[in-house]
Every structure is written in C-alpha cells, then in structure tokens.
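Here's the structure, in structure tokens; my notes come after.
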Amino acid sequence: MTNRVSDLLPPDPPSNGSADDLADKLRGLRVLCLGMILFGVALLLMVSGVVWFGLGGRSLVKIGGTEVLTAIGAVLTLTAVALAVLLVPVITRVGLRKVATEPPAPPDEGAPPDTELDRLWRVYAQGKFLEYGLADGAGVVTAVLFHLSADWVMLLFVAGMVVFQIVRFPNAAGATAWLAAAKAEVDRVRAGGGE
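Per the working numbering, the very first residue in the sequence shown carries number 4; after that it's consecutive.
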C-alpha cells in the first residue's frame with residue numbers, strides 16, 4: 004500500500020488533480036476544522052465566564068437538582084462520539100461505493116471534470132465535517148445545559164468535545180493514508196463488479 008499522494012495520481016494529472024491542489028484542499032479543510040475547534044474553545048470560555056462572573060456560579064434552574072442536566076450532557080457527548088465513530092465509516096463506505104460504481108457528474112460549463120481523487124477527497128472531507136459537526140453540536144447543547152445548571156462537571160464534557168476534535172484533526176499523513184486505503188477499496192469494489 005502506498006502512503007504518498009503522488010502515487011495516487013495518474014501519470015499526467017490535470018491541474019485540478021495535482022498534489023499541490025490536494026495540499027491546498029487539505030489546508031482549507033484544516034482551517035475550517037481549526038475554526039470549529041476555536042468555536043468550541045470560545046464557547047467554553049464565554050459560557051464559563053457568564054456563569055462564573057454573571058451568575059456568581061449559581062444555577063438558573065432547579066430541575067430535580069443539577070444531576071439531571073449533567074446526565075443529559077454526559078449522554079449527549081457520549082452519543083456524539085459514538086455517532087461519529089459508527090456513522091462516519093458507514094457514510095464513507097457508501098461514498099466510496101458511489102465513486103466506484105457511478106460516473107462523475109458532468110462538470111459545469113467551463114469547469115474541468117472531476118478526477119477520481121477529487122471525488123475521494125469529498126468523501127474524506129464529508130466524514131471530517133460530520134465528526135466536527137456532531138462534536139460542536141453536542142458541545143453547544145452541553146454548554147447551554149451548563150449555563151442552566153452551573154454544574155462545572157459539564158465543562159469537562161464540552162472540553163471533551165474539543166479534545167475529540169483535536170484528536171481527529173486532519174493531517175497530511177492521515178489524509179494520504181486514508182486516500183490510499185480509499186483508492187484500494189474503490190479498486191476492490193470495481194474488481195468485484197460493484198459488490
């Protein structure tokens with residue numbers, strides 16, 4: 004199995020399928036993912052500041068104690084991670100099967116046609132955005148629950164979502180390895196007649 008981007012490219016790649024273009028796409032994805040991480044950190048700081056300074060560390064509601072809201076926050080964060088771990092591989096398999104069995108959509112007028120590498124990249128980016136979206140969504144809801152309950156344990160859940168995003172941050176080695184494995188899977192599906 005190959006780990007170099009250049010090995011995944013055709014001998015004379017078009018300008019939209021070059022290693023430089025792939026590096027640009029990875030930089031763009033990294034910037035967007037970093038923005039989502041920074042959003043989670045800013046949310047963590049803002050909500051904890053409001054609870055600490057604005058509310059004096061007191062909760063806004065008393066619904067069966069703060070334990071109920073804390074339990075909801077714990078379930079949300081664990082569910083987000085579980086969904087990311089379970090759902091992203093399923094969506095990836097469906098995307099790779101589509102790349103293997105369906106021709107690319109016709110390009111817009113004046114646009115170059117999609118290469119296989121472009122299509123594989125979109126599957127990769129879609130998985131990353133799903134992971135980050137689930138983590139940010141759980142982080143936002145848990146931050147709101149923290150705002151209501153003032154249970155400082157919930158900040159650990161929000162911080163856990165940020166850590167999850169940092170661990171899943173796209174890097175060149177991981178993206179290259181993913182693309183190589185995806186290309187091998189597409190070739191396997193094609194060799195098996197789309198099965």
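Don't be surprised by glycine CBs; every beta carbon is placed ideally from N, CA and C.
{"Query": "Around the C-beta of E134, are 16 or more other C-beta atoms found within 10 angstroms, so that it is buried, or is it exposed?", "Result": "buried"}
{"Query": "Could you check if A114 is buried or exposed, using at least 16 other CB atoms within 10 Å of its CB as the buried criterion?", "Result": "exposed"}
{"Query": "Is the separation between the beta-carbon of V156 and that of L46 shorter than 8 angstroms?", "Result": "no"}
{"Query": "From the DSSP output, in three-state form, read off P109 for me.", "Result": "coil"}
{"Query": "Closest to G38 by CA distance: which of A138, L89, L123 and D24 is it?", "Result": "A138"}
{"Query": "What is the DSSP secondary structure of D154, counted as helix, strand or coil?", "Result": "coil"}
{"Query": "Can you tell me whether L48 is buried or exposed? The criterion is at least 16 other CB atoms within 10 Å of its CB, across all chains shown.", "Result": "exposed"}
{"Query": "Between the beta-carbon of V102 and the beta-carbon of L123, is there less than 8 angstroms?", "Result": "yes"}
{"Query": "Around the C-beta of V54, are 16 or more other C-beta atoms found within 10 angstroms, so that it is buried, or is it exposed?", "Result": "buried"}
{"Query": "From the DSSP output, in three-state form, read off N115 for me.", "Result": "Going by the sequence as given, residue 115 is Pro instead of Asn. Note: P115 maps to coil in three-state DSSP."}
{"Query": "For V84, which residues from the same chain have a beta carbon less than 7 angstroms from its beta carbon, with the 5 sequence-adjacent residues on both sides left out?", "Result": "F167"}
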